[in-house]
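Right, one structure below, let's go through it.
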Amino acid sequence: MAEKRGRAKLIKRGLTFFATLLSIFVVWAAYMYLVHIQYNGSVENVTIQSGDVTLRGWFVKPKEAGPHPAVIILHGSGPLTGDALPVRIQINAFLRSGVSVLTYDKRGVGGSGGDFVKTAYQDFIEDGISAVRYLKSRSDVAEGGIGLVGNSEGGWFTPEIAHRTGDVSFIINRAGPSLPWIETNLWETRHKLMNVGVDGEALDEDIRLRDMVWHFVVEVDADPALAGGEKWQRINSELANFDRSHGTYIKKLPDYDPVLYRSLAAYIGYDPQPYIEQLSVPMLYIFAENDEAVPTAEAVAYLQAIPTQEGRNIEIRVIPGVKHDMLSAAALLSGSDPAFIDVIGPWAAAKARERSD
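The opening residue of the sequence shown carries number 2 in our numbering; numbering runs sequentially from there.
Right, here's the structure in full:
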């Protein structure tokens, strides 16, 4: 009898424990949804015309009367939509500071037209430029209050978009590379290989070969006469003899096709630095200390070396202990590390006010 009562008590305690956990989870989920996931503002479904492609978007503005400053959120790499969970969290962060947000499905994704697979970097940049023009046409966007938010890969494009439009007042980049594509991807590739045990001469040879191939693709695009020539043959010979025991890599250069090589060179040769150095708007670069995709130390060193000039103020923040996604234990209540998500709204609002004064 006593044994049965003991088992009953254990079962009751177990049920109480799990009921408590469930209650905590329900409260947490409700909080996250109400504060960070549902749109805490007025939502308008919009379309943005970018050349012959129509992009599906959302314009979300604070409930208070405007006009308000507004930011455009540019996605990272991959087929991403404008209403994804991480985007919603950022949107609400801006709304809390009185900043409207324009976001859209990437070209060829969700409700946007186009073919994502065939989309080049310049297409994404043109889409961003079209988004700036769209905001300029809205009467509920404060004059001189347009900003760009570049997430990861999108951070490559924000300087060019700002430079070419002349209508961007500030930039926020989250883990956005400030270095050229080749330099960034060589660093990322090196660390990926190191993480699977490749080191020493094998690692150096892999990186050397990729560096040579990538630069040569850009050279061939600029000078098609190089296709099939002596350097072409030498590189193909090295590729054929490359030790692939630690992974895979191309066995030869792609057959020359002007459209293909123009497309490859457009992203392999991409470099944001000429645009960064010409801009005279405030920029906030937020990096992750342990980023596995972007060389934080090198990116910070480059930005710190840019001379200060009137109107240009590059603020740099490095969040300790986080990786590229900027998630941490503290993100359980904020959706992203507070050193990022709690900063972007007030910073954008302050820069927009400075521009309007």
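Glycine residues also receive a C-beta, built at the ideal position from the N, C-alpha and C atoms.
Throw me the rounded Cβ distance for the Arg97 and Gly346 pair, which I believe falls under 8 Å.
-> 5 Å
Sequence-distant residues of the same chain with beta carbon closer than 6 Å to Phe117, five excluded per side | Pro80, Gly109, Val110
Quick one: any contact between the region 138 to 151 and the region 165 to 173, if contact means 3 or more CB pairs under 8 Å?
-> In short, these stretches touch, since the Cβ pair count reaches three.
With which residues is Glu316 paired in a DSSP beta bridge?
-> BP columns for Glu316 point to Leu285.
Kindly provide the ranges of any alpha helix (DSSP H) runs that are 4 or more residues long and lie completely inside the region 177 to 231, ordered along the chain.
-> Fully enclosed alpha helix (DSSP H) runs of 4 or longer: 182 to 196, 201 to 223.
Mind checking Arg318: buried by the 16 CB within 10 Å criterion, or exposed?
-> The C-beta of Arg318 has fewer than 16 other C-beta atoms within 10 Å across all chains shown, which makes the residue exposed.
Are the CB atoms of Tyr271 and Ala228 nearer to each other than 7 Å?
-> No, these two residues do not count as a Cβ contact at 7 Å.
Please name the residue, chosen from Ile183, Tyr268, Leu86, Leu180, that lies closest to Ile126 on a Cα-to-Cα basis.
-> Tyr268
For the region 84 to 92 against the region 123 to 139, are there 3 or more C-beta pairs whose distance is under 8 Å?
-> In short, these stretches do not touch, since the Cβ pair count stays below three.
Taking one C-beta from the region 198 to 209 and one from the region 234 to 249 each time, how about it: are there three or more such pairs within less than 8 Å?
-> yes
Cα-Cα, which of Ala353, Asn237, Leu180, Ala223 is closest to Tyr286?
-> The shortest C-alpha separation from Tyr286 is found at Leu180.
Per DSSP, the bridge partner or partners of Ala71 | Ser101, Ile147
Give the range of the alpha helix (DSSP H) segment to which Ser131 is assigned.
-> Run containing Ser131: 122 to 137, per the alpha helix (DSSP H) assignment.
How is the beta strand (DSSP E) around Glu299 delimited, first residue to last?
-> Careful: Glu299 lies outside any beta strand (DSSP E), inside the alpha helix (DSSP H) at 297 to 305.
Thr366 - DSSP class collapsed to helix/strand/coil = Absent from the model: residue 366. The displayed extent of the chain is 2 to 358, so no value can be given.
Under 7 Å between C-beta atoms of Lys64 and Gly42 | yes
Taking 8 Å as the threshold, find out whether the region 47 to 62 comes into contact with the region 147 to 164 through three or more Cβ pairs.
-> no
In this structure, what does DSSP give as the bridge partners for Arg57?
-> Thr48
Asn93, enclosing alpha helix (DSSP H) - first and last residue | 86 to 96
Excluding the five sequence neighbours on either side, which residues of its own chain have a C-beta within less than 7 Å of the C-beta of Gly322, listed in chain order?
-> Once the five neighbours on either side are set aside, the close Cβ partners of Gly322 are Glu290, Asn291, Ser329.
State the start and end residues of the unbroken alpha helix (DSSP H) segment that holds Ile173.
-> Residue range 171 to 175 is occupied by the beta strand (DSSP E) that includes Ile173, with no alpha helix (DSSP H) assigned at that position.
Own chain residues within Cβ distance below 6 Å of Trp1, not counting five before or after = Because the chain is modelled from 2 through 358, residue 1 falls outside the range shown and cannot be assessed.
Given that a residue counts as buried once 16 or more other Cβ atoms are within 10 Å of its Cβ, and exposed if not, what is Glu137?
-> With the sequence shown as reference, residue 137 is identified as Lys, and Glu is not the correct amino acid for it. Note on Lys137: under 16 other CB atoms within 10 angstroms of its CB, so exposed under the neighbour-count rule.
Are the CB atoms of Pro70 and Val102 nearer to each other than 7 Å?
-> With respect to the 7 Å criterion, Pro70 and Val102 are not classified as neighbours on the basis of their beta carbons.
Where Asp338 and Leu16 are concerned, what is the direct C-alpha to C-alpha distance, given to the nearest angstrom?
-> 33 Å
Should Ser153 be labelled buried (16 or more other beta-carbon atoms within 10 Å of its own) or exposed?
-> buried
Would you decide whether His76 is buried or exposed? Buried here means 16 or more other CB atoms lie within 10 Å of its CB.
-> buried
Would the beta-carbon of Leu265 fall within 7 Å of that of Val218?
-> Result yes, Cβ atoms of Leu265 and Val218 sit closer than 7 Å.
Considering only residues of the same chain and omitting the five flanking positions on each side of Phe60, which have a CB-CB separation below 6 Å?
-> Glu45, Val47, Leu103
Boundaries (first-last residue) of the alpha helix (DSSP H) holding Ile162 = 155 to 166
Please report how far the alpha carbon of Pro160 lies from the alpha carbon of Ile183, in whole angstroms.
-> 18 Å
Nearest to Phe95 (by Cα), restricted to the options Tyr40, Ala20, Tyr262 | Tyr40
Determine the contact status of His325 and Ala350, defining contact as a CB-CB distance below 7 Å.
-> no
Under the three-state reduction of DSSP, which class applies to Val323: helix, strand or coil?
-> coil
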